[in-house]
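Asks: Following this message is one structure expressed as structure tokens.
Next up, the structure:
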């Protein structure tokens, strides 16, 4: 539905190529975006609704978009966002970005894909959860990936997508 109605549904001005590559969709019954979660081979392991639940059966934290993360060998940095919406916004702007599926401050068990980056920017929302989560992840990553530079960045008073489209 999303690709067939791209101009009508694309309120965040995401790049069509990014939405196609990530297979981002739109659930007309719930009036919200859907994000397929895949493994490193591109196999579907879960489906997330924006501001909604995951499909039952797959637990834990996973990377989104995993396939783009594993294809990012030419980038020296990545921005870790708080959610899929912000990740798609940055990817649409040509900025390498990822998120995890288990909430701010949590990390997937396998952080191996992050070891390829010289710099990792944590760009979570500027609310209390985002601030606490970025500190928690920052401390873990500095211990687990000591050869990477890990930095926290936040947009003043808004999330990444709001900063691009409301400022």
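Numbering (the working numbering), first residue to last: 4 to 170.
Ideal placement from N, C-alpha and C gives every residue a C-beta, glycine not left out.
Since this is a predicted model, take the numbers as computed values, not measurements.
Smallest Cα separation from residue 92: which of 5, 129, 166?
Replies: Answer by Cα proximity: 166.
Asks: Is residue 27 closer than 7 angstroms to residue 52 when the C-beta atoms are compared?
Replies: Contact flag unset, no.
Asks: Run the CB neighbour count on residue 160, radius 10 Å, all protein chains shown included, and call it buried at 16 or more, exposed below.
Replies: Per the 10 Å Cβ criterion, exposed.
Asks: Taking 7 angstroms as the cut-off, decide whether the C-beta atoms of residue 115 and residue 68 are in contact.
Replies: For residue 115 and residue 68, no; Cβs fall outside 7 angstroms.
Asks: Helix, strand or coil: which one does DSSP assign to residue 12?
Replies: It is helical.
Asks: Just reading off the alpha helix (DSSP H) that residue 36 is part of, what are its end residues?
Replies: No alpha helix (DSSP H) contains residue 36, which is instead part of the beta strand (DSSP E) from 35–41.
Asks: Could you give the DSSP three-state label for residue 115: helix, strand or coil?
Replies: The answer is helix: DSSP assigns residue 115 an H, G or I state.
Asks: Applying the criterion that 16 or more other CB atoms from any shown protein chain within 10 Å of the CB defines a buried residue, is residue 63 buried or exposed?
Replies: Exposed, by the Cβ-count rule.
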